[in-house]
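Student: Chains as they are written, first to last, in the working numbering: chain A, 404 to 888; chain B, -18 to 239.
Pasting a structure here, questions to come.
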Amino acid sequence: MSHAADDSAQPPLFGPGSQFHELFDDPRWAFAMVRATVLEAAHPQIGAALIDNSTFVIHPWRRLRNTYLSLQRMFGADDQVRAKEAARLNRLHTRLKGRDASNRPYDAMDPGVRAWVVATLFESAVTMCRLSGRPLSPSAVERLYGEFRAYHAAFGDETGQLPLTLAEFWVYYDRMVEEELENTEAMRIILYKLFDHLPAPPLLNGLPTLWALGRAVVGPALGAITVAALPESFRRRAGLPELLGAGALMQGAYLTVDLARFLPEGWLRPQNIADLLALSPTSDDPRARTVTALHERMRRAGALLRLITPMSFRPAPEAPSPGQRSAEEFFRDVLDQTGDGYLTWPDLAAMARELCGRLDLDEPAETRLYDAFADWWRELQTALDTDGDGRVSAEEYAAAAPSLAGPALIRTAEVLFDAADKDGDQRIDEAEYRALFRTAFHRDTTGEATDGTTVYTRGAFVRDFLSFMSGRRLSTPYDPLLAES
Amino acid sequence: MVSRSADEGSGSLPEGFGKGPVPRHVACVMDGNGRWAARRSLPRTAGHLAAETTVIDVIETARSAGVEWLSLYAFSTENWRRPDDEVAFLMQLIRRAVRKHAPLLQARGIRCRFLGVTHPRIPPALAQDFADLTTLTGRNSGMTLTIAFDHGGRRDIVAAAQSLIRDGVPPEAVTEEIFAAHLPFPDTPDVDLVIRTSGEQRISNFMLWQVAYAEWVFPSVLWPDFRASHFLDCLHTYQQRRRRFGGLPPEQNGEPQP
Chain A
404 MSHAADDSAQ
414 PPLFGPGSQF
424 HELFDDPRWA
434 FAMVRATVLE
444 AAHPQIGAAL
454 IDNSTFVIHP
464 WRRLRNTYLS
474 LQRMFGADDQ
484 VRAKEAARLN
494 RLHTRLKGRD
504 ASNRPYDAMD
514 PGVRAWVVAT
524 LFESAVTMCR
534 LSGRPLSPSA
544 VERLYGEFRA
554 YHAAFGDETG
564 QLPLTLAEFW
574 VYYDRMVEEE
584 LENTEAMRII
594 LYKLFDHLPA
604 PPLLNGLPTL
614 WALGRAVVGP
624 ALGAITVAAL
634 PESFRRRAGL
644 PELLGAGALM
654 QGAYLTVDLA
664 RFLPEGWLRP
674 QNIADLLALS
684 PTSDDPRART
694 VTALHERMRR
704 AGALLRLITP
714 MSFRPAPEAP
724 SPGQRSAEEF
734 FRDVLDQTGD
744 GYLTWPDLAA
754 MARELCGRLD
764 LDEPAETRLY
774 DAFADWWREL
784 QTALDTDGDG
794 RVSAEEYAAA
804 APSLAGPALI
814 RTAEVLFDAA
824 DKDGDQRIDE
834 AEYRALFRTA
844 FHRDTTGEAT
854 DGTTVYTRGA
864 FVRDFLSFMS
874 GRRLSTPYDP
884 LLAES
Chain B
-18 MVSRSADEGS
-8 GSLPEGFGKG
2 PVPRHVACVM
12 DGNGRWAARR
22 SLPRTAGHLA
32 AETTVIDVIE
42 TARSAGVEWL
52 SLYAFSTENW
62 RRPDDEVAFL
72 MQLIRRAVRK
82 HAPLLQARGI
92 RCRFLGVTHP
102 RIPPALAQDF
112 ADLTTLTGRN
122 SGMTLTIAFD
132 HGGRRDIVAA
142 AQSLIRDGVP
152 PEAVTEEIFA
162 AHLPFPDTPD
172 VDLVIRTSGE
182 QRISNFMLWQ
192 VAYAEWVFPS
202 VLWPDFRASH
212 FLDCLHTYQQ
222 RRRRFGGLPP
232 EQNGEPQP
């Protein structure tokens, strides 16, 4: 990358002209990414890390967007951006270690684990082309492998983990599939729970009936497509079902999605789709307004449909009372980020991770924010974990919720303010606010209009954060950030 | 609508109608269903059944007469004390009526909403229908129809007081306008005319804040017998009255709420 691009014999490893760049905007990635994630989750160490730390069951859309952005940075032309992203991912992964249910240790920084993640991405890219009937040429596969090796090298791991040549890679890959992969809980959750319970993307939040209807059809199909695309030997070993027609469905799906290449250029950009799925209806993005208007019409159509259908229609779940939410709702929507029904450190770490990502924090600000969240966790644990099992259940939380705003939470608010206040002028201006919440100032954001500009003072910021985090107020800018998918 | 009425005959508007302004906000206390049934030796429920026709007739007449706001007192917080059978029947009847007439109300451009509706005894399915009708018609710009269901005027006033305190409004800042802004549906203007059928002359805890300056008429006809012609008679009576709002200038219609 550092050399001049005039040498056509040496195509660049990253950015425009690379093999990966050609594939990057391909809609088939949707399937390939899911498949790669399943293969990752089948690795015992990664599976354990996902079970403990990942928020993808509860917040899949946020996670999808973050993954997409990360890949874009890692495979972009800019070496500095790549180095920064690699450092960020390294810091993030350093924090992911522990022991699984059967007390085996896991560590997201383990070189073997990291090599396997790269391997699944590479192999899924190759397979996605094969399955849709347009396999990459052998030389293109070679080039792609070189690029993924460079991607792996960008993390600074020793190079021995990923085999040097493509031929050796396939041996390594087959051995991993044959010997290392297991039918892990994380894999089962992705295959059978995530698709069946996939939460609606934030934009479609108000349409539970419609979403449930579509999901009932698409969810099982997605699961079947993913299973059918997994290596045969692994399907056999993990005891995954061979559904009649699943193979044909899978190939049909890959083929159909591949047809999207005949759409006029720019019609289907994964970037736009990923953005749209993670977009909150309260955002000031013009697309959000369009969708909100559409949403409103669909809501009315849904109301009419319910009114004119025979009376037996089941009532939709009750809308939350405006302005406030119950302790249970707050626990489920905000605090329990990993969706396991308990509040533990990984839940708060996931919040810190999301905030660090949004604010694009570097060391040492990132560590300060994590430390503040860790202190808050200890405070919560001390105050709420009444049965002493090391975690806080929804009942324990609900019993003590009103007395939640302790000194560590206040400190967390202050650290977050410092991190968000990039220029250190003790107020959050328009740009800093947008970085954190991805939307413009809301009218109700107690802005003190000195010299006509709207600003957000430290006091107001801390107050709003506390009232959100102690579960007292709904519809704050933090909702799209931490509560919605 | 007018031509349908039996006792008025030839479809002419009552004499003098149209000479004064039509009241902007009319409210009806729908009284006399039970007595109507008793006079015919029918169960009370038959009276409620017969009331549905009147409701539709009144909505249609009010709309074509140019009334902008119509409020109907369907069920009070006190009505829960009635026998369980009757309450259950009423819930079922209202649910049927809402579903049956929803497309018509939407086609007529009527905006519907429900005042009250907080009691846990309200069946969830009914509450869902109320919410659906509100959603469906929420953007209509024709007449606004407010159905007071499980409504109590005092409770609304208490709710406003609670809301004021919750918002931390200092006592000296509380004016009538600010207080009114904390009532449920603060955009509702003052009621100009209340019609209470069956000759009863009570307020019965109905929209207490909003009826402060209302004119009242008490036609002796029972609600199931009340028809378009009676409604127009009431509007006519209203137009004959000189409204004073406690002062001297004979204005018509209440001031719009800010």
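We treat Cβ as the ideally placed atom computed from N, Cα and C, and that holds for glycine.
On a predicted model such as this, the values are computed, not experimentally measured, just so you know.
(1) Could you run through the stretch 108 to 123 of chain B and flag, in chain order, every residue whose CB is less than 7 Å away from some CB of chain A?
(2) Under the DSSP definition of a beta bridge, which residues are partnered with residue 95 (chain B)?
(3) Can you tell me whether DSSP reads residue 163 (chain B) as helix, strand or coil?
(4) Please check if any C-beta of chain A sits within less than 9 Å of the C-beta of residue 20 (chain B).
(5) Counting contacts by CB-CB distance shorter than 9 Å, is residue 221 (chain B) in contact with chain A?
(6) So is residue 84 (chain B) in contact with chain A if we call contact Cβ pairs under 9 Å?
(7) Distance check for residue 464 (chain A) and residue 446 (chain A), CA to CA, integer angstroms please.
(8) So, residue 11 (chain B) versus residue 197 (chain B), is the Cβ gap smaller than 9 Å?
(9) Could you list which residues in chain B have their beta carbon closer than 8 Å to that of residue 707 (chain A), in chain order?
(10) Pairs of beta-carbons, one from the stretch 143 to 157 of chain B and one from the stretch 65 to 80 of chain B, closer than 8 Å: are there three or more?
(11) Is residue 102 (chain B) close to chain A? Criterion is C-beta to C-beta, closer than 9 Å.
(12) Compute the Euclidean distance between the alpha carbons of residue 226 (chain B) and residue 192 (chain B), then round it to the nearest angstrom.
(13) Going by alpha carbons, who is nearest to residue 507 (chain A) out of A:452, A:565, A:700?
(14) Going by CA-CA distance only, name the one from A:641, A:632, A:639 that's closest to residue 652 (chain A).
(15) Taking a contact to mean a Cβ-Cβ separation below 9 Å, would you say residue 522 (chain A) touches residue 579 (chain A) in this structure?
(16) Between residue 866 (chain A) and chain B, is there a C-beta pair that is closer than 9 Å?
(17) The alpha helix (DSSP H) with residue 219 (chain B) in it runs from where to where?
(18) Could one say the Cβ of residue 98 (chain B) lies closer than 9 Å to chain A's Cβ atoms, at least one of them?
(19) Assuming residue 528 (chain A) contacts residue 435 (chain A) (C-beta within less than 8 Å), just tell me the rounded distance between them.
(20) Quick one: does residue 507 (chain A) have its CB under 9 Å from some CB of chain B?
(21) Drop a sphere of 10 angstroms on the beta-carbon of residue 65 (chain B), count the other beta-carbons inside from all chains shown, and report buried for 16 or more, exposed for fewer.
(22) Where does residue 741 (chain A) land, buried or exposed, given buried means 16+ other C-beta within 10 angstroms?
(23) Looking at C-beta atoms only, is the number of pairs between the stretch 110 to 128 of chain B and the stretch 180 to 187 of chain B that lie closer than 8 Å three or more?
(24) Counting pairs of beta carbons, one from the stretch 817 to 833 of chain A and one from the stretch 770 to 783 of chain A, are three or more of them closer than 8 Å?
(25) Please give me, in chain order, every unbroken run of the alpha helix (DSSP H) with length at least 4 that falls completely inside the stretch 417 to 462 of chain A.
(26) Take residue 775 (chain A) and list the residues in its own chain whose beta-carbon comes closer than 7 Å to its own, dropping the five residues that flank it on each side.
(27) On the DSSP bridge list, what partners appear for residue 57 (chain B)?
(28) Is it buried or exposed for residue 220 (chain B), if we count other Cβ within 10 angstroms and need 16 for buried?
(29) Can you find at least 3 beta carbon pairs, one from the stretch 36 to 52 of chain B and one from the stretch 109 to 117 of chain B, that sit closer than 8 Å?
(30) Using DSSP with H/G/I as helix, E/B as strand and the rest coil, what is residue 81 (chain B)?
(31) Which residues in the same chain have their Cβ closer than 8 Å to the Cβ of residue 80 (chain B), if we skip the five residues on either side of it in sequence?
Tutor: Taking the definition as stated:
(1) 109, 110, 113, 114, 116, 117
(2) Sequence index remark: in the second sequence, residue 95 (chain B) carries index 114 (1-based). Answer is B:128, bridged to residue 95 (chain B).
(3) By one-based count along the second sequence, residue 163 (chain B) stands at place 182. Of the three classes helix, strand and coil, the one that applies to residue 163 (chain B) here is coil, per DSSP.
(4) Against the second sequence, residue 20 (chain B) aligns to sequence position 39. Cβ-Cβ to chain A under 9 Å: no for residue 20 (chain B).
(5) As a working mapping, residue 221 (chain B) is identified with position 240 in the second sequence. Residue 221 (chain B) does not count as touching chain A.
(6) In the second sequence, counting from the first residue as 1, residue 84 (chain B) sits at position 103. Yes, its Cβ sits closer than 9 Å to a Cβ of chain A.
(7) Taking the first residue of the first sequence as position 1, residue 446 (chain A) is located at position 43. Taking the first residue of the first sequence as position 1, residue 464 (chain A) is located at position 61. If I take the Cα positions, the gap works out to 23 Å.
(8) Taking the first residue of the second sequence as 1, we reach residue 11 (chain B) at position 30. Taking the first residue of the second sequence as 1, we reach residue 197 (chain B) at position 216. Cβ distance not < 9 Å, so residue 11 (chain B) and residue 197 (chain B) don't count as in contact.
(9) Within the first sequence, the letter at position 304 stands for residue 707 (chain A). Ordered by position in chain B, the residues that pass the 8 Å Cβ test against residue 707 (chain A) are 83, 84, 87, 113, 117.
(10) no
(11) Here residue 102 (chain B) corresponds to residue number 121 of the second sequence, with the count starting at 1. No, no contact with chain A.
(12) Within the second sequence, numbered from 1, the residue matching residue 226 (chain B) stands at position 245. Within the second sequence, numbered from 1, the residue matching residue 192 (chain B) stands at position 211. C-alpha separation (whole angstroms): 12 Å.
(13) On the first sequence, residue 507 (chain A) is found 104 positions in, with the first residue counted as 1. Taking only the C-alpha atoms, the option nearest residue 507 (chain A) is A:452.
(14) Along the first sequence, read from residue 1 onward, the residue named residue 652 (chain A) stands at position 249. Checking every option, the nearest Cα to that of residue 652 (chain A) belongs to A:632.
(15) Along the first sequence, read from residue 1 onward, the residue named residue 522 (chain A) stands at position 119. Along the first sequence, read from residue 1 onward, the residue named residue 579 (chain A) stands at position 176. Result yes, Cβ atoms of residue 522 (chain A) and residue 579 (chain A) sit closer than 9 Å.
(16) Numbered from 1 along the first sequence, position 463 holds the residue referred to as residue 866 (chain A). Closer than 9 Å: no.
(17) One-based indexing of the second sequence puts residue 219 (chain B) at position 238. Run containing residue 219 (chain B): 209 to 221, per the alpha helix (DSSP H) assignment.
(18) By 1-based counting over the second sequence, the position of residue 98 (chain B) is 117. So no, residue 98 (chain B) is outside the interface.
(19) In the first sequence, residue 528 (chain A) corresponds to position 125, counting from 1. In the first sequence, residue 435 (chain A) corresponds to position 32, counting from 1. Between residue 435 (chain A) and residue 528 (chain A) the Cβ distance is about 6 Å, and since that is below 8 Å, they are a contact.
(20) The sequence position of residue 507 (chain A) within the first sequence is 104, counting from 1. So no, residue 507 (chain A) is outside the interface.
(21) By 1-based counting over the second sequence, the position of residue 65 (chain B) is 84. Answer is exposed; the Cβ neighbour count stays below 16.
(22) As a working note, residue 741 (chain A) is residue 338 in the first sequence. With 16 or more Cβ atoms within 10 Å of its Cβ, residue 741 (chain A) is classed as buried.
(23) no
(24) yes
(25) 422 to 427, 432 to 444, 447 to 456
(26) Within the first sequence, numbered from 1, the residue matching residue 775 (chain A) stands at position 372. So the qualifying residues of the chain are 814, 815, 818.
(27) For this step, residue 57 (chain B) is matched to residue 76 along the second sequence. B:132, per the DSSP bridge assignment.
(28) For the purposes of this step, residue 220 (chain B) is taken as residue 239 along the second sequence, with counting starting at 1. Classification for residue 220 (chain B): buried.
(29) no
(30) As a first step, residue 81 (chain B) must be located in the second sequence, where it is residue number 100. In the structure shown, residue 81 (chain B) sits in a helix (DSSP, three-state: H, G or I).
(31) Start at 1 with the first residue of the second sequence, and residue 80 (chain B) comes out as number 99. Result list for residue 80 (chain B): 110, in chain order.
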